[in-house]
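Notes for the one structure printed next.
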Amino acid sequence: MNSEFEKTYDPKAHEDAIYRNWEESGFFNPDKLPGKHKEAFSIVLPPPNVTGTLHMGHAAMIAVEDIIIRYRRMSGAKTLWIPGTDHAAIATQEKVEKELYKKEKKTRHDLGRETFLKQVEEFASASHDTIVHQMKRLGASLDWSREAFTLDESRSLAVKTAFKEMHEAGLIYRGDRIVNWDPKLQTTVSDDEVEWKDEKSVFYYIQYGPFVIGTARPETKFGDKYVVMHPNDERYAKYKHGETLEVEWINGRITATIIKDEAADPEFGTGVMTITPWHDAMDFEIAERHNLDKEQIIDLKGKLLPIAGEFAGMHITKARPAIVEKLKEKKLLVKVDEEYAHRVTVSTRGGGIIEPQIMRQWFVDVNKKFEAKTDKLQGIKKGEMVTLKEMMLQVVKSGQIKIIPEHFDKTYFHWIENLRDWCISRQLWYGHRIPAWYCTSCKDEKINPLRKGKWFFARHGETDFNKEGRQQGWLDTSLNEKGREQAREMAHALKNQNIDLIISSDLKRAKETAEIIHEVTGAEIIYEKGFRERNHGGYEGMLKEEMIAKYQDRFGYDINIENDESYKQLEDRVVEAFERHKKKHAHKNVVIMTHGGTIRMLMKRINNWTPEQALSGSALKNTETIQFDILEECKKCGNHLFLQDSDTLDTWFSSGLWTLSTLGWPEKTADLKGFHPTSVLETGYDILFFWIARMILMTGFLIGDVPFKTVYLHGLVRDEKGRKMSKSLGNGIDPLEMADKYGADATRLSLIVGAAPGNDIKLSEDKIRGYRNFATKIWNIARFISMYDDPTLSRSVKMPKEYQAYYDGFNDIKKLVTEKIEAFELHEAANESYHYIWHTFADIVIEQVKPALQNGNSQEKAAALAMLKDIFLGCIKLLHPFMPFVTEAVYQKLFAGEKQKSFLMVEAW
RNA sequence: GCGCGCAUAGCUCAGCUGGUUAGAGCGCUACAUUCACAUUGUAGAGGUCCCUGGUUCGAAUCCAGGUGCGCGCACCA
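All letters in the first sequence, in the order written, are residues 1084 to 1992 by this note's numbering.
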């Protein structure tokens, strides 16, 4: 007996070493894959978010893709599977923000952009390492040499290029549109990131001139000056479209205009409504249709604006009862329905209640025609004008992209048909900055221009001075410990920005800060006396005496003004110094280091900041910098100083480029030529719209091709009761824990068997345990064969006739399994292999030849052994894509000895 | 409201384009076990294939209607 075979298979003892050997072989990389290849086969891994760890859904995804990849590799294709991770802008940022708040009770604004981003990046990097380890642990045969990240340099280039090309074609535009504003996260969220929650609320019927209108939100109604009814509503036939009338309203009389529009449902309430276009999507559409005025009522923090009169400044939640009270007093409140079934829109990200707002955002226009770049899209000719919507429908309708399971194409069509312009800007910090720059003087816009230098405006950190000392110390106090810490933090955030030069004021604390930045970045420092000022916003145009008086008034002690300048002169001198350096150092990356007030003043002068922005202390944190770019000169006004759009792109914008960007686009790489379009895109059906549709959109426009030929959708992994696995329910099963306990093979198989495409998978630990037993069974078959394996026996023997039936039986199964894999019916393929091996090969074939092995003559022994080894090798090949580790382990012990350095992984199917 | 899916053994599901007695895993029952494997083997119980009607020589499978679940999208002033 071969003593190498332990009695049972211990996955832990083998899996890591096997993976390492595979990796070292280089065969995951198609460029190093030996042999001639008749075709290329490629899959790009849907990049997991760097928000923590992988869950069972990821494990299912990896299992399915690895099976397909390993099958193709064994079948002789030049096979590529590209790994990567997704920065997942909003999800990752939110996670770090939550942690930050929990631990330090701080918000991202407390830290400032650079410092906060550094924390996010640290978190993302740690998640990345965990995720990579997990993927390897599950046996994923990914080509790590091509690993990508949605936010790395080459993906950034893809994003910028795509943005520019789409902008030039007019497919990306900037516009004032109604967006879902999350007042809690202080960002817009996409339509796909909001959900409706049922809620019981109060519904108010209010007298509006001769009409009664209904509303659940009286606090939005101040500016309602249009009253809308259905054109065919007989009750209101006497009112004509465009007719005006005076009505008594919340804060006095108002001129109302009659609007006839089919959006008003005669069945609902009184059939009459007033509209609030700034804060309601449907009202906005009505207003657009009839070209009506729109007025903002609620600010971005949820407070009422001056239009609300006496209620201005109140938060909407507090304002509502007060307004209702006033309506009552004015006898305008007709009726109240306390049991109104209402729905509120909440953000799925942070749970804040969405307040629709009209905001200037970037959009992708899905209804604008563009010129098709190639003939590669079936049914669309090169040069033909199509819209993104038409193109997206066409490639699936024509069958050029096949969706499995098929019925999802109906869902896809339905979604596309209802598609609206895609808002791609987000008020987040983590993500791809929008590659649009605005001229600081005339506000003209440049997309993805040539950049000369990056200029950062930074202020020094905190110092110690009390009231008494302040007057004295104002000029030359040192940084305190906290100030030094702030400086270090800022310096660190600037570390990767290739700073060439620090232009510092010669104030002591600015000097100290500059020196700290110098230590970290190595940049040269020059001192500029012109920046040596302490300026506070709100002193505009004042003379020296006035400033002193105002200062005394504000702070209760005298300001120490060292020379005899007015504020205006001070400003001019600072701006002059700035302009002088700008001219001289335009090509350098520069940090301007001075007093916070000076920076605010500069912002006002060179960047048109409003006095409010300039005055606000939150305009610039001690650890934060404001970045400007020196660009080729502005066509309109000749200025060189530009400010980049502070928003970032929706994470799906970069994800939508994934198949292209991982293969090297926009460069013309060999990978792009050899592996695009990718063969299969495999992912969960839950991101059909988020992701798949967007890849089709981007690729169709940018290179006039499809991103992939087949879309395979797997189901979601649920617990044994069919519930979604989640942390809050505590019903999650950790893939890594299962792999440790039962082996990666068993974990993988449990996610495949019984999981038809597109169907949810109900998973229990029992199921995984069941497949662990199967791995043991395979091991023991090998162990059994090895017991009778005898190198002295002749290899060329005549097989008894009855053995032919065994070969035939195996070949039938092999054919069946091959067909099933080709048809993406992996669950069937796995099931068939499983049953054949266990209940035919082990239970029947082995049992029947046992006597020959044990008691036969050498001829009979040799024949039986040869037959068993033949078929068993076939079996582990069939099974390898599904259970790569145990099959490879067995292969190495039983078969590899005959060849040099070979792997089952690359044996011929 | 618009659209999609599911209903088969106690549980979780498979059953492709209609073709003898409807399958698997887990669970259950009984027996076996010095045997490569107790992480095993053998045998067994267990099903009006949700309901009604239709097409057909023949329906779990195709069609229509109904019932009950699940999901996606839109949206209520």
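Here a beta-carbon is modelled for each residue, glycine too, at the ideal position from N, C-alpha and C.
Cβ-Cβ distances below 8 Å link Gly-1482 to Gln-1461 in the same chain, with the five nearest sequence neighbours on each side left out; the list follows chain order. Nearest C-alpha to Leu-1703 among Arg-1443, Leu-1936, Lys-1687: Lys-1687. Three or more Cβ pairs closer than 8 Å define a contact, and the segment 1954-1972 falls short of that threshold against the segment 1875-1885. When DSSP states are grouped into helix, strand and coil, Met-1468 belongs to the strand group. In chain order, Thr-1793, Val-1794, Tyr-1795, Leu-1796, Pro-1840, Phe-1907 place their CB closer than 7 Å to the CB of Ile-1487, counting only its own chain and leaving out the 5 sequence neighbours on each side. Of the candidates Pro-1934, Thr-1136, Lys-1456, Gly-1392, the residue whose Cα lies closest to the Cα of Arg-1336 is Gly-1392.
In the three-state DSSP reduction, His-1141 falls in the helix class (H, G or I). One alpha carbon belongs to Phe-1246, the other to Val-1658, and they sit about 34 Å apart. Around Cys-1525, the same chain offers Lys-1719, Cys-1720 as residues with beta carbons nearer than 6 Å, after the five sequence neighbours per side are excluded. DSSP, read as helix, strand or coil, puts Ile-1463 in coil. Taking the CA atoms as reference points, Phe-1968 sits about 8 Å from Pro-1094. Where Ala-1339 is concerned, the enclosing beta strand (DSSP E) starts and stops at 1335-1343. Under the three-state reduction of DSSP, Thr-1546 is assigned to strand. Residue pairing from DSSP places Ala-1519 in a beta bridge opposite Ile-1530.
Of the candidates Val-1407, Asp-1730, Trp-1332, Met-1157, Met-1157 places its Cα closest to the Cα of His-1120. DSSP places Ile-1289 inside the beta strand (DSSP E), whose first and last residues are 1277-1291. Residue Ile-1835 holds the alpha-carbon nearest to the alpha-carbon of Ile-1150 among Ile-1835, Glu-1848, Asn-1894, Phe-1539.
Under a 10 Å Cβ-count criterion, Ser-1224 is classified as buried, with 16 or more other Cβ atoms of the shown protein chains found around its own Cβ.
Secondary structure note for Ile-1399: its alpha helix (DSSP H) is the uninterrupted segment 1399-1412.
In the three-state scheme derived from DSSP, where H, G and I count as helix and E and B as strand, Pro-1439 is classed as strand. The straight-line gap separating the alpha-carbon atoms of Lys-1594 and Phe-1539 is approximately 16 Å. The C-alpha of Asn-1691 is placed about 15 Å away from the C-alpha of Asp-1655. Listed in chain order, the non-local C-beta contacts of Ala-1241 below 8 Å within the same chain comprise Ser-1737, Leu-1740, Leu-1743, Ser-1744, Trp-1748, Pro-1749, local neighbours out to five positions each way being set aside. In this structure, Phe-1711 is the residue among Phe-1199, Phe-1711, Glu-1629, Arg-1372 with its C-alpha nearest to the C-alpha of Ala-1519.
By the criterion of a C-beta distance shorter than 7 Å, Ile-1101 is surrounded in its chain by Phe-1968, Glu-1971, Ala-1972, once the five residues flanking it on both sides are discounted. The Cβ neighbour count for Tyr-1319, taken over all protein chains shown within 10 Å, is at least 16; the residue is labelled buried. Boundaries of the beta strand (DSSP E) harbouring Phe-1453: 1452-1454, taken from the DSSP string. Taking C-alpha positions only, Trp-1332 is separated from Met-1442 by approximately 27 Å.
Between Glu-1302 and Ile-1399, the gap from beta carbon to beta carbon is short of 8 Å.
Using a Cβ distance threshold of 8 Å, Met-1475 and Gly-1783 count as a contacting pair. Only residues of its own chain outside the window of five on either side were considered, and among them Thr-1766 have a CB closer than 6 Å to the CB of Pro-1129, listed in chain order. One thing to note: Leu-1732 has its Cβ no nearer than 8 Å to the Cβ of Ile-1530. Secondary structure at Ile-1675: strand, using DSSP grouped into helix, strand and coil. For Trp-1279, the number of other beta carbons within 10 angstroms of its own is below 16, and it is reported as exposed. DSSP lists Ile-1713 as the beta-bridge partner residues of Leu-1724.
Around the beta carbon of Leu-1533, fewer than 16 other beta carbons sit within 10 angstroms, so the residue counts as exposed.
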